[in-house]
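As structure tokens, the structure follows; a few thoughts come after it.
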């Protein structure tokens, strides 16, 4: 959108929130959803789809938040697989 440059200039967003998850805003809601969902059903599979599902920064966050999978556009799959593997290795330590 045309409003995003205004937000970047004023440091409201560092990244496009339609491409990379806003960890402090939407990310907190994701964490709450994972926590409450798993409190009700420990075997609940939780994932995300959309553009953030193919973004390496977002994938790292989703892995740390406990999501089970991401879904993304076909052209993003190679990078998403690499980012998921890197996040899994990072959080396994």
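In my numbering, the protein residues as written are 2 to 94.
The C-beta atom is built at its ideal place from N, Cα and C for all residues, glycine as well.
Judged by DSSP secondary structure, residue 38 falls within the alpha helix (DSSP H) whose first and last residues are 27 to 41.
In the pairwise beta carbon analysis, the region 13 to 24 is classified as touching the region 52 to 59: at least three pairs are separated by under 8 Å. By the 16-neighbour rule on beta-carbons within 10 angstroms, residue 60 is buried. Residues of the same chain with a CB within less than 6 Å of the CB of residue 77, apart from the 5 flanking positions on each side, are 55 in chain order. Here the C-alpha atom of residue 63 lies approximately 16 Å from the C-alpha atom of residue 16.
Buried is the label assigned to residue 81, since at least 16 other Cβ atoms lie within 10 Å of its Cβ. Across the structure, residue 43 and residue 85 are spaced so that their CA atoms are roughly 22 Å apart.
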